[in-house]
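Note that this note's numbering has the sequence shown beginning at 10, numbered continuously upward. Yeah, the Cβ is synthetic: ideal placement off N, Cα and C, and Gly gets one too.
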Amino acid sequence: MADQDWLIGRGRHDEAAERIYAAAANLMLRHGYDAFSIDAVAAEVHCSPATVYRHAGSKAAIRDVVLRLQAERILDSVREAIAGLTGPERVVTATTVALQRLRADPLAKTMRSMAALPAEGLTDSPIISRFATEMVGLSTPDPLAAQWLVRTFLALWYWPLKDADAESEMVRRFLGPPYAVDTIDSVPSSSPAT
């Protein structure tokens with residue numbers, strides 16, 4: 010029975026990790042972002058907590074992988090939508106598509122409904138900053154530009170405008186223009202523009 014011997018044989022580490030991440034995502038979806046525990050994940054995949062630690066790491070490590078996998082799924086559709094776009098059009102399209110996908114994602118809805126959104130984990134994440142840099146289409150990393158985009162995006166996600174047309178107009182008018190290639194190139198990334 011393949012289902013009973015998932016910890017035996019070649020490739021078992023990867024399969025075990027995949028099962029653990031899927032169980033953690035399921036637990037987060039059912040009980041909330043921070044409500045899952047190593048013991049609950051172990052019970053869900055029918056193994057010991059030691060096995061969870063061995064194949065997937067700590068609770069924080071599992072949470073980070075689950076969020077990264079979720080972000081990658083959303084970003085795949087964003088990448089498809091922005092292929093060939095540059096400048097403000099790329100930023101506006103990326104933001105609009107990412108907001109639509111994130112708002113439709115069940116795990117993201119669970120995370121958004123939490124009383125205390127783990128903002129520092131999201132805004133300080135190098136993964137999210139890297140995705141923001143990619144979405145903008147910068148040829149060289151600009152940490153300040155990426156941070157501004159991440160923080161603006163999170164604000165729109167967490168506090169959406171009631172009028173979708175007004176939100177689209179806001180994104181078009183205020184989020185796109187700063188990312189025009191000539192505007193970014195004229196402002197050094199090490200010092201704030203005045």
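Among residues of its own chain, excluding the 5 on either side of residue i, which ones have a beta-carbon nearer than 7 Å to its beta-carbon?
i, result
"SER86", "VAL106, ARG110"
"ALA49", "LEU36"
"ASP114", "GLN79, ILE83"
Under a Cβ-count criterion, where at least 16 other Cβ atoms within 10 Å of its own Cβ denotes burial, should residue i be classed as buried or exposed?
i, result
"TYR188", "buried"
"ARG112", "exposed"
"PHE2", "No information on residue 2 is available, as it lies outside the stretch 10 to 203 that the chain covers here."
"ALA173", "exposed"
"HIS40", "exposed"
"HIS64", "buried"
"ILE136", "exposed"
"GLU158", "Contrary to the premise, residue 158 reads as Leu rather than Glu in this sequence. LEU158 comes out buried."
"ARG21", "exposed"
"PRO97", "buried"
Would you tell me roughly how many angstroms separate the C-alpha atoms of residue i and residue j, rounded to the nearest one?
i, j, result
"PHE45", "ALA33", "7 Å"
"LEU165", "LEU108", "8 Å"
"THR95", "ALA59", "48 Å"
"ILE29", "PRO186", "42 Å"
"ALA52", "GLN79", "23 Å"
"GLY93", "THR119", "33 Å"
"LEU84", "GLU178", "22 Å"
"GLN156", "ALA25", "34 Å"
"LEU153", "THR142", "10 Å"
"ARG77", "ALA90", "20 Å"
"TYR62", "VAL54", "13 Å"
"GLU27", "ASP43", "19 Å"
Kindly give me the distance between the Cβ atoms of residue i and residue j, rounded to whole angstroms, as I take these residues to be in contact under 8 Å.
i, j, result
"LEU38", "LEU116", "5 Å"
"THR104", "PHE162", "6 Å"
"MET144", "VAL100", "7 Å"
Can you list, in chain order, the residues of its chain with a C-beta nearer than 6 Å to that of residue i? Leave out the 5 residues immediately preceding and following it.
i, result
"GLU176", "LEU170"
Next on the checklist: Quick check on the DSSP output: what are the complete alpha helix (DSSP H) runs of length 4 or more inside the stretch 56 to 139, in order along the chain?
Outcome noted: 58 to 65, 68 to 91, 96 to 113, 115 to 121, 128 to 132
Item to check | alpha helix (DSSP H) segments (min. 4 residues) lying fully within the stretch 137 to 172 | outcome: 152 to 167
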